[in-house]
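Residue numbers (the numbering used here): 115 to 502.
All C-beta atoms, glycine included, are put in the ideal place defined by N, C-alpha and C.
These figures come from a predicted structure and were not determined experimentally.
For reference, the structure is listed below as structure tokens.
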Ligand SMILES: *Cc1c(COP(=O)(O)O)cnc(C)c1O
């Protein structure tokens with residue numbers, strides 16, 4: 115079966131008791147046993163729930179994985195991957211990861227004796243150079259947020275294999291429709307299903323997918339032991355969202371490309387970052403590694419931070435909000451929103467300036483979205499002209 119079919123059918127057979135076509139929300143914490151030790155595979159809902167089982171099977175299939183595990187958030191999924199390690203182990207991470215991932219690793223797990231090195235993974239040689247005798251894991255995120263750098267998954271996974279390290283990819287930004295890291299040699303994929311997989315900005319969730327039986331057994335043990343599991347209603351919402359992932363990603367990609375090109379031709383804009391543009395630093399790699407270039411576009415205004423702040427407050431269709439990956443378009447100002455906790459010098463050194471805006475391009479009509487940006491730009495220009 116191809117991707118779009120698997121999204122709708124895998125794990126989602128008709129329910130055997132009633133024939134319900136859609137997987138029910140099994141809102142129960144426990145399961146009645148016929149006799150001591152005689153049950154149908156479910157004993158207690160932290161350990162397992164049929165709605166969650168269905169979602170786990172579906173997401174595993176979409177990442178070409180044998181095994182899937184779902185969590186209450188992407189962060190809970192990332193934390194459970196760290197539970198594979200022990201005090202004294204070292205992890206090499208992409209230096210441009212999601213802010214919450216940086217916080218979890220650097221401010222929480224270092225207290226338990228894990229060590230982290232943050233390297234620019236757009237050059238895989240930096241990963242090879244950072245390997246230590248105690249390195250156990252490589253953590254990739256690609257494309258990154260908000261600068262949309264692309265990391266060569268196959269090249270980094272090759273280094274991981276050579277040094278017996280697990281390679282983990284946070285595939286949230288691309289979604290399994292655009293990029294399948296396990297096929298490129300990665301060992302584990304992590305998702306915040308809050309974003310494209312859920313797709314409707316109405317649920318928080320996470321997932322881990324893998325073909326590595328040994329890793330899966332340990333991860334499943336920790337899913338139950340630590341307990342960051344999603345409720346059945348949240349699993350149901352994610353499953354409802356994922357059915358249209360293929361359609362939505364096609365629309366996100368088409369809209370984002372159209373908007374990136376329009377921005378590139380606009381005189382108020384000094385820089386556009388989108389992996390689909392031929393001037394993107396890793397455009398060729400993105401073409402090889404991804405089926406499409408995604409729905410995220412970042413750009414910088416000539417008017418700097420003052421102009422960026424005004425535009426972000428003027429759009430009507432693009433809501434000023436954190437998060438991404440929903441059907442509705444969002445606009446964000448990374449310097450004061452998602453990356454406010456990063457020191458200014460560090461931000462600017464990376465090119466994350468005050469004039470940078472990030473778009474999560476939704477699936478509305480592209481012309482309406484462009485019109486919304488155009489009106490916001492015009493408003494800022496006219497205020498400048500009258501000195502407001
Ligand atoms: C949002 C996000 C996370 C964290 O997921 P939550 O569901 O918010 O806990 C991790 N990685 C990336 C790339 C994200 O965008």
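{"Asked": "Per-residue burial, residue 414 [other beta carbons within 10 Å of its own, 16 or more giving buried]", "Found": "buried"}
{"Asked": "Residue from 188, 187, 171, 186 with nearest C-alpha to residue 180", "Found": "171"}
{"Asked": "Cα-Cα separation, residue 253 to residue 353", "Found": "26 Å"}
{"Asked": "Identified DSSP bridge partners for residue 253", "Found": "207, 282"}
{"Asked": "Between the CA atoms of residue 211 and residue 255 - distance to the nearest angstrom", "Found": "6 Å"}
{"Asked": "Best match in 471, 117, 477, 492 for proximity to residue 293 [C-alpha to C-alpha]", "Found": "117"}
{"Asked": "Nearest to residue 378 (by Cα), restricted to the options 392, 400, 450, 319", "Found": "392"}
{"Asked": "Residue span of the beta strand (DSSP E) that contains residue 99, given as start and end", "Found": "Nothing about residue 99 can be read from this structure; the chain reaches only from 115 to 502."}
{"Asked": "Which listed residue (368, 495, 139, 367) has its alpha carbon closest to that of residue 164", "Found": "139"}
{"Asked": "DSSP bridge partner residues for residue 181 (one or two, in chain order)", "Found": "324"}
{"Asked": "C-beta contact flag for residue 128 and residue 143 at 8 Å", "Found": "no"}
{"Asked": "Start and end residues, alpha helix (DSSP H) containing residue 188", "Found": "188-196"}
{"Asked": "Nearest-angstrom Cα separation, counted from residue 457 out to residue 463", "Found": "10 Å"}
{"Asked": "Nearest-angstrom beta carbon gap, residue 389 and residue 257 [assumed within contact, 8 Å]", "Found": "6 Å"}
{"Asked": "Residue 371, DSSP secondary structure in three states", "Found": "helix"}
{"Asked": "Sequence ranges, beta strand (DSSP E) only - wholly within the stretch 397-438, length at least 3", "Found": "410-415"}
{"Asked": "Touch test, the stretch 354-374 against the stretch 305-316, Cβ-Cβ under 8 Å, three pairs minimum", "Found": "yes"}
{"Asked": "Residue 287 Cβ short of 7 Å to ligand 1 heavy atom set", "Found": "yes"}
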